[in-house]
Amino acid sequence: MIKVFIPPLLRPATNGLDQIEVEAATVRQVVAALEKRHPGIRERLCADDSLRPGLAVAVNGAVSSLGLLQKVPDGSEVHFLPAIGGG
Amino acid sequence: MATVEHEKQAQGTSGNGKPYKVIGTRPIRHDGVDKVTGRAKYGADLRLSGLLYGFVLRSPHAHARIKSIDTSRAKALPGVRAVITHRDLREPGSRVVDLGEGAVNLRHLSNNILAADKVLYRGHAVAAVAADSVHVAEEAAGLIKVEYEVLPAVTDVRSAMEAGAPLLHDDLFTDELGQRATKPSNVAKHFRFEKGDVSEGFARAKIVVEREFHTATVHQGYIEPHNATALWNPDGHVTVWTSTQGAFTVRQQVAELVNLPISRVKVIPMEIGGGFGGKIRVYLEPVAAILSKRCGQPVKVLMSRADVFEGTGPTPGSYIKVKVGVDASGKITAAETYMAYEAGAYPGSPIGAGAMCIFACYDIPNGKIDGYDVVVNKPQTSAYRAPGATNAAFALETVTDEICEKLKLDPLEFRLKNAAREGTRRVDGPVFPRIGMIETVEAAKNSDHWKTPLAGKNRGRGVAVGFWFNCGLKSSVSATVNPDGTVALVEGSTDIGGTRTSIAMQLAETLGIGAADVVPSVGDTDSVGYTDVTGGSRVTFATGYAAYEAARDIQRQMIERAARIWEVDAPQVSYEDGSLVGPGGKKFTFRELAAQVNKTGEPIVGRGSVDPEGCGGAFAAHIVDVEVDPETGKVDILRYTAAQDVGTAIHPAYVEGQIQGGAVQGIGWGLNEEYFYDAAGTMRNSTFLDYRIPTCYDLPMIDTIIVEVPNPGHPYSVRGVGEVPIVPPPAALANAIYHAVGVRMQRLPMSPPKVLHEILAK
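Top line first, the protein sequences correspond to chains A and B.
No gaps in the numbering here: position 51 of the first sequence is 51 in our numbering, and each next residue is one more.
If you want our numbering, it's the position in the second sequence, counting the first as 1, plus 87.
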């Protein structure tokens with residue numbers, strides 16, 4: 001199972017749930033599983049076939065550059081975070 | 088993404104347990120002679136046959152609608168070859184593209200380069216001229232007639248958030264994680280992080296301190312102004328020479344804005360005289376390219392210092408409110424913050440990073456963070472060393488110092504008691520891997536500085552800690568074995584802080600050769616694989632990782648070559664300590680085999696291309712002693728010590744230099760630097776005479792303490808170095824000022840008039 005942490009501003013779309021467990025092997029499958037349970041959430045997270053601009057995904061604390069393609073090993077934590085850049 | 092296939096190496100040793108031979112030494116930098124003799128080529132040095140000179144006309148208004156632009160008189164001036172406006176750029180639409188280290192709205196980027204219907208800040212580029220000389224170009228720019236409808240301007244983040252504030256963009260609606268507001272506003276984005284129950288946490292606290300903080304807009308202050316030279320060939324290929332932190336991101340931005348495939352744009356990065364995050368977005372490059380297209384000749388455009396201040400991206404001014412609760416034992420029970428950062432003219436401040444950094448040094452059981460990205464009539468902000476984190480640390484670390492005072496706690500003990508560590512869940516969600524917060528604070532606590540009492544009237548000591556994420560991203564290198572036993576290393580990262588050498592050293596260590604036996608160079612976009620920007624403290628980590636992979640590739644090829652020469656199978660040959668060892672005592676040194684490479688088969692060229700995760704976060708702890716003149720408010724720094732976890736110091740002198748440079752920039756941010764705006768939104772101090780950055784006369788030696796907590800995500804345990812040292816200084820200085828004269832500074836910069844004001848108001 002994958003533990004997905006729902007950002008506070010997204011919780012109205014998950015009936016207030018702050019964590020949701022899903023079966024998934026990639027971030028794309030994580031989003032699809034969320035969408036299946038809470039229709040409309042994909043649109044909040046994705047644009048076209050990518051994460052929304054300015055949004056990043058972290059799997060087990062490591063921000064991935066692969067976005068939806070990132071694999072999520074069983075037991076992983078998934079967080080959706082603001083994308084950041086350095087100087 | 089590259090994977091670490093080797094067994095993790097112990098700190099200070101090579102993979103076989105032997106001490107490093109190259110890493111940790113201090114060889115002379117490969118580009119040192121060129122730099123100190125003035126022979127290194129910067130963008131302004133470029134001379135091309137038939138070169139023309141460009142000049143950019145900029146807005147005198149902070150906010151105005153462009154009603155018309157008449158270029159006829161400028162075009163008629165003898166010596167003028169071309170005049171362009173926004174109409175000459177491609178209309179890219181409101182597409183968002185990923186530039187490797189952040190996404191950019193191309194319409195915003197295009198409008199920032201040459202304003203379309205509105206100017207949004209004083210200094211906003213409006214038109215550009217190419218002429219036979221820069222003087223003719225400047226004169227012609229003065230003949231361009233722009234008719235403006237001047238609009239009210241807003242240059243302060245909180246004013247911009249008020250209902251009824253002048254709107255910069257009619258089509259900007261607040262985004263809350265994909266949820267769009269129904270009315271336009273200057274608030275581009277709002278997000279929130281929550282952990283635990285802050286109400287319960289504050290209820291358990293013995294004391295709660297809540298304070299408000301303001302930080303001014305400051306500039307990176309790189310010494311070399313922006314410059315770009317472009318040649319648009321008749322065959323439709325464009326070459327751009329420029330000062331940039333990333334040749335590939337310049338290629339992409341130029342291609343998008345001049346409507347060419349990237350294969351027709353070649354970017355040659357010149358030496359760079361500082362960037363610190365400010366030389367990632369393009370300003371002049373597309374302008375030079377379009378002017379060259381119009382003229383059929385190369386065009387060079389340079390910025391003046393005033394252009395740099397008024398027309399390029401500083402770091403945001405901000406408003407931050409912080410509330411922290413602590414129990415009787417000194418443990419943090421809850422923390423909450425409201426953070427609003429100025430994005431400048433277009434959305435995209437580093438509020439996300441600031442919000443994720445503000446509480447990162449601490450293990451906070453209950454936390455809440457609200458962040459706002461707000462447009463104002465100032466230049467669009469750019470990254471600046473640990474973007475967003477310095478503002479945040481100033482606020483939090485001042486509050487923690489006040490808490491320590493109220494509870495009579497030692498400030499470093501308080502930080503150790505509440506330190507984030509491996510397994511700590513941040514308020515923004517993820518759990519920390521192995522980090523060095525505790526070791527860094529302990530290093531500060533054990534320093535001679537901390538152990539030496541400070542005495543004297545109006546003197547005080549302050550401490551602060553800071554965090555920055557660092558990042559990985561994509562890097563490429565290629566490495567060719569020369570017959571004389573050297574290796575030519577071509578890397579894609581522009582070299583700002585001596586990274587040619589720090590990357591070459593990792594290649595040399597892996598191959599078992601000397602650092603001087605590697606000949607590093609920075610490639611252009613046609614000669615090396617894609618590489619993301621030199622930023623995010625990533626180059627020694629990621630491009631060094633690529634060099635390690637390239638060296639491993641060379642090892643494999645040399646094993647095969649030795650096996651071919653010795654007529655044995657490759658598995659019978661091993662690579663040991665810079666030599667090839669075969670059966671029966673056969674042995675080649677690297678140099679001996681290199682001499683035979685071209686006589687025995689194909690050239691040996693190693694390649695490394697990586698996109699590594701596991702960059703490892705960086706922590707810093709700074710101590711500063713100050714003396715405050717109570718009659719003038721002037722702050723003199725008596726002593727300064729910066730401790731930092733760097734993973735492994737590849738070249739300790741460069742690590743020390745990065746720490747010292749970051750600390751000095753943070754000191755300038757804390758004590759002096761700010762954009763002064765008048766009521767019309769015009770910056771009044773756009774020269775280095777009036778915009779006061781610290782010089783050697785203002786500072787003591789910045790003592791450094793290198794802490795090495797190995798990063799398990801890198802073959803040589805490297806963590807990024809360049810950014811986190813700018814994070815603690817303003818807070819450390821504010822705390823020192825308090826302990827010197829008893830005033831809590833909550834507004835940056837803490838310049839003499841502001842400190843004096845607080846002293847007099849006490």
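Heads up, the beta-carbon is just placed ideally off N, CA and C, and yes, glycines get one too.
- Between the beta-carbon of B:G435 and that of B:D619 there is about 18 Å, and that puts the pair past the 8 Å contact cut.
- Counting along the chain, B:N192 sits inside the beta strand (DSSP E) bounded by residues A190 to N192.
- For the pair of segments examined, the region 355-374 of chain B was found to touch the region 328-343 of chain B: the number of CB pairs separated by less than 8 Å reaches three.
- Close to A:S64, with beta-carbon spacing below 8 Å, are these residues of chain B in chain order: E700.
- Its chain contains Y406 and R834 as the residues whose beta carbon lies nearer than 6 Å to that of B:H301, once the 5 sequence neighbours on both sides are disregarded; these appear in chain order.
- The continuous stretches of beta strand (DSSP E) do not include A:L45, which lies in the alpha helix (DSSP H) extending over residues I41 to L45.
- With respect to the C-alpha of B:S804, the residue from B:S838, B:F628 and B:P787 having the closest C-alpha is B:F628.
- Contact between B:G210 and B:S146 holds, with the beta-carbon distance rounding to 7 Å and staying under 8 Å.
- Rounded to the nearest angstrom, the Cβ distance from B:A823 to B:D712 is 7 Å, consistent with a contact under 8 Å.
- Contact holds between the region 47-54 of chain A and the region 177-192 of chain B, because three or more Cβ pairs, one in each stretch, are under 8 Å apart.
- Residues of the region 265-276 of chain B with a Cβ closer than 7 Å to any Cβ of chain A, in chain order: G265 and Q266.
- Closest option to B:G631, judged by alpha-carbon separation, among B:D571, B:E795, B:Q745 and B:T735: B:T735.
- For B:A224 and B:D394, the gap between their C-alpha atoms comes out near 15 Å.
- Under the three-state reduction of DSSP, B:M770 is assigned to strand.
- Using a Cβ-Cβ cut-off of 7 Å, A:H38 is close to nothing in chain B; its nearest Cβ partner there is about 13 Å away.
- Looking at the DSSP output, B:R279 bridges to B:D457.
- Taking B:G800 as reference, the option from B:P498, B:G559, B:G753 and B:S666 with the minimal CA-CA separation is B:G559.
- Buried is the label assigned to B:H150, since at least 16 other Cβ atoms lie within 10 Å of its Cβ.
- Look at B:Y406 here: in three-state DSSP terms it is strand.
- The residue from B:R694, B:G404, B:S661 and B:T420 with its alpha-carbon nearest to that of B:E636 is B:R694.
- Here A:H79 carries a strand assignment [DSSP, helix/strand/coil].
- Apart from the 5 residues on each side of it in sequence, B:E810 sits with its Cβ closer than 6 Å to the Cβ of R472, A473, W555 and S624 in its chain, given in chain order.
- Of the residues assessed, A:Q19 falls on the exposed side of the cut-off, its CB having fewer than 16 other CB atoms within 10 angstroms.
- Among the CB atoms of chain B, one or more fall inside 9 Å of the CB of A:N60.
- Rounded to whole angstroms, A:G67 and B:T172 show a C-alpha spacing of 37 Å.
- Taking 9 Å as the cut-off, the Cβ atoms of B:V337 and B:V354 count as close.
- By the beta-carbon neighbour count (other beta carbons within 10 angstroms, threshold 16), A:A25 is exposed.
- For B:G547, the enclosing beta strand (DSSP E) has its first and last residue at R546 to W555.
- Interface with chain B (9 Å Cβ-Cβ cutoff): A:L68 is excluded.
- Following the DSSP letters along the chain, one finds A:L55 in no alpha helix (DSSP H) but inside the beta strand (DSSP E) bounded by residues L55 to V59.
- Secondary structure note for B:R508: it is in no beta strand (DSSP E), with a DSSP letter that is neither H nor E.
- B:Y140 is bridged by DSSP to B:A218 and B:K387.
- Listed along chain B are G189, A190 and G439, each with a C-beta nearer than 8 Å to that of A:A83.
- In the displayed model, B:N533 falls within coil according to three-state DSSP, outside both helix and strand.
- For B:R648, the enclosing alpha helix (DSSP H) begins and ends at G631 to W653.
- If you draw a straight line from the Cα of B:N199 to the Cα of B:A212, it comes to about 7 Å.
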